[in-house]
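The numbering of the sequence shown is the working numbering, which starts it at 41 and goes up by one. Every residue gets a Cβ at the ideal spot worked out from N, C-alpha and C, and that includes glycine. Keep in mind that this is a model prediction, so the values were computed, not measured.
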Amino acid sequence: MRIFALNPGTTGIKAAMFEEARVLWTENIDYPPGCAMGYASLDREAEEMIRGAILAFLASKSVCIQDIAAFVGRGGLLHPISGGTWTVNEAMLADLRSNRYGSHASNLGAIMASRLADDAGGKPAFTVDPVVVDEMIPEARISGMPEIPRYSIFHALNQKAVARRAAAQLGKKVEECSFIVAHIGGGITVGAHRSGRVIDVNNALGGYGPMTPDRAGTLHMLDLVRMCFSGRYTFDEIKKKIVGGGGLRAYLGTNDFREIMALVKSGDERAALLVRALALQISGEIAARAAALCGRVEMIILTGGLAFDEDLCAMIEERVGWIAPLMRIPGEGEMQALAEGALRVLRGEEEALVYERE
């Protein structure tokens, strides 16, 4: 069975073809002129142009679209849902096309999966563990301000995929395990995984948790409020300071962690201090998730792009190794996770979930 997976980004779509769980090829498809960043206000004309670009690309690879068994796209901003593989239906498409719950590149994934599935003669279209997966326990939703409850937006696709991989390495099902998974990259989310569900996690997109290469993380609220009402900044300028222009970039002028570690190795004491601070903040978030799991943690898993850096991971392990053994599964593996989610449904190992509008 062939599965075609799509992961939209800012300037193009990452596409991969799988023969069941085995990747055959991975390519990047650029958006047509005028469509880059167009997912934020995607109209049907732009949608049609992007669909055409994907079909042309598949034709250039001599792919007969009717030979594809299923299409799967990275999920977008929907109302909170549980983890799993979801059928792309009209209710989901309506919420994604209208940006009802926010605009994000990933909103395009399920839309394109559905369009291509129709082109292939009505094949199934899925999305797997979208960023809005919300399985938090009631206690984790309380923030201290009733008007602003805590809610779940995190790297659900990769976190759940690496949790399954770690469970397999232990010879268990993920439903039998208790893990802390830290996705450390441009965004950093740390989830408490109990019996296959993420019962507590920080919302990095909303400015909560550790700082990252370009996000500020949790801040002193009153100082932030003073900045907001100082008259010196617009809403968009403050937002940029929190997400996109904050974190290590605000201090060092770059969010490229390889450049930052090169500064550290060259003897830059300020860069070294900031990396140690990053490790401390990530470690603190991991320790907080241990509390959510009542200290019963079998494994701490570091994943995401920063997990490739052995020095950073060693700093984190030094601080949290007392909680549980640490496993590194670097990178994101999102394409593989998408294909495996679709495959579990095609094989009858899981039942596809059905989205309903709220």
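The residues Thr125, Trp126, Thr127, Phe166, Val385, in chain order, have a CB closer than 7 Å to that of Ala392 in the same chain once the five nearest residues on each side in sequence are set aside. Within the same chain, Cβ atoms closer than 7 Å to the Cβ of Asp70 are found at Thr51, Gly52, the five residues on either side in sequence being excluded.
Between Gly226 and Thr258, the C-beta spacing is not below 8 Å. When secondary structure is reduced to three states using DSSP, Lys281 falls in the helix class. When C-beta atoms of the region 163-179 are compared with those of the region 113-124, three or more pairs fall below 8 Å, so the two segments count as touching. The alpha-carbon separation between Gly345 and Ile228 amounts to approximately 10 Å. Using a Cβ distance threshold of 8 Å, Tyr395 and Leu148 do not count as a contacting pair.
Taking a cut-off of 8 Å on C-beta distances, the region 226-246 touches the region 172-185, as three or more cross pairs fall below it. Judged by DSSP in its simplified three-state form, Asp174 adopts coil rather than helix or strand. The residues Ala206, Leu210, Cys217, Phe219, Ile220, Ala364, Pro365, Leu366, Met367, in chain order, have a CB closer than 8 Å to that of Met339 in the same chain once the five nearest residues on each side in sequence are set aside.
Secondary structure at Phe348: helix, using DSSP grouped into helix, strand and coil.
Lys163 counts as buried, since at least 16 other C-beta atoms from the protein chains shown sit within 10 angstroms of its C-beta. A distance of 8 Å or more separates the beta carbons of Pro72 and Ala55. Distance from the CA of Ala347 to the CA of Ala319, rounded to the nearest whole angstrom, comes to 11 Å. Burial of Ile300 is indicated by the presence of at least 16 other C-beta atoms within 10 angstroms of its C-beta.
Judged by their CB atoms, His223 and His260 are not nearer to each other than the 8 Å cut-off. Listed in chain order, the beta strand (DSSP E) elements of length 3 or more contained wholly in the region 110-140 are 125-127. Contact check for Leu197 and Glu374: beta-carbon distance about 5 Å, within the 8 Å limit, so the pair qualifies.
Taking C-beta separations shorter than 7 Å and ignoring five residues to either side along the sequence, the partners of Glu215 in its chain run Ser235, Gly236, following chain order. C-alpha of Gly184 to C-alpha of Gly286: approximately 25 Å in a straight line. For Glu59, the uninterrupted beta strand (DSSP E) run begins and ends at 52-59, by DSSP.
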